[in-house]
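Numbering (my numbering), first residue to last: 6 to 124. What follows is one structure encoded as C-alpha cells, with my remarks underneath.
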C-alpha cells in the first residue's frame, strides 16, 4: 500500500485465541506460529520499500543481486551424451576392481534399511 504506514496499530494475530492458549478448530497451534506474524510484517515492509524504490527501473540499472542471471539454455541439454555410461570400464564385463553392492537388512524391530558395501 503506497503511502500507508506499517507502524500504526495492528490487529491481533489471526492464529491465536485471545481467550486461551489452545488452538481453535482449523487453526495453527500457538507454538507452531511463534514469530510468523512478525516475520510476515517485516517481509511486507521490505517488499513495499523495494517496490517503491525499484518500480519501473530498467533491469540494467538494478543492483547486481537483483539482475537476472544467465541460466543455461535447456535446448543445450539435447546435446548431452546420455549413453556415456556404456563406456565406463567399471561397468563393463570382466571388471576386476571393487564393486558397490546394495544390501537390504531386516532389523530386529522389523524395520528395514538399505546399505551399500564395497566388495
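For glycine and all other residues, C-beta sits at the position ideal for the given N, C-alpha and C.
Under the three-state DSSP convention, the category residue 118 falls into: Residue numbering aside, residue 118 sits at position 113 when the chain shown is read from its first letter. Residue state, collapsed to three classes: strand.
Residues that DSSP places opposite residue 107 in a beta bridge: On the chain shown, position 102 is the one that residue 107 refers to. BP columns for residue 107 point to 121.
Rounded C-alpha distance that separates residue 78 from residue 112: Stepping through the chain shown from its first residue, residue 78 is reached at position 73. Stepping through the chain shown from its first residue, residue 112 is reached at position 107. Looking at the two C-alpha atoms, the distance is approximately 47 Å.
DSSP state of residue 76 mapped onto helix, strand, coil: As a working mapping, residue 76 is identified with position 71 in the chain shown. In this structure, residue 76 counts as coil in the three-state DSSP scheme.
Own chain residues within Cβ distance below 6 Å of residue 71, not counting five before or after: In the chain shown, the residue the question calls residue 71 occupies position 66. Taken in chain order, the list of residues that qualify is empty.
Assumed close pair residue 94, residue 100 - CB separation to whole angstroms, cut-off 8 Å: As a first step, residue 94 is located in the chain shown; it is residue number 89 there, counting from the start. As a first step, residue 100 is located in the chain shown; it is residue number 95 there, counting from the start. With 8 Å as the limit, residue 94 and residue 100 qualify as a contact, their Cβ atoms being about 6 Å apart.
Separation of residue 75 from residue 88, as counted between CA atoms: Start at 1 with the first residue of the chain shown, and residue 88 comes out as number 83. Start at 1 with the first residue of the chain shown, and residue 75 comes out as number 70. Looking at the backbone, the Cα of residue 88 and that of residue 75 are separated by about 28 Å.
Nearest candidate by alpha-carbon position, reference residue 64, set 53, 73 and 102: Within the chain shown, residue 64 is the residue found at index 59, counting from 1. The residue from 53, 73 and 102 with its alpha-carbon nearest to that of residue 64 is 73.
As assigned by DSSP and simplified to three states, the class of residue 86: Walking along the chain shown from the start, residue 86 turns up at place 81. Reduced to three states, the DSSP call for residue 86 is coil.
Residue 96, DSSP secondary structure in three states: Residue 96 sits at position 91 when you count from the first residue of the chain shown. Residue 96: helix per DSSP, three-state reduction.
Endpoints, the alpha helix (DSSP H) within which residue 47 is located: Locating residue 47 in the chain shown gives position 42, where the first residue counts as 1. Per DSSP, residue 47 belongs to the alpha helix (DSSP H) from 41 to 59.
DSSP state of residue 65 mapped onto helix, strand, coil: To locate residue 65, count along the chain shown from 1; it is residue 60. Residue state, collapsed to three classes: helix.
Three-state secondary structure (DSSP) of residue 91: The residue given as residue 91 occupies position 86 in the chain shown. Residue 91 falls in the helix class under three-state DSSP.
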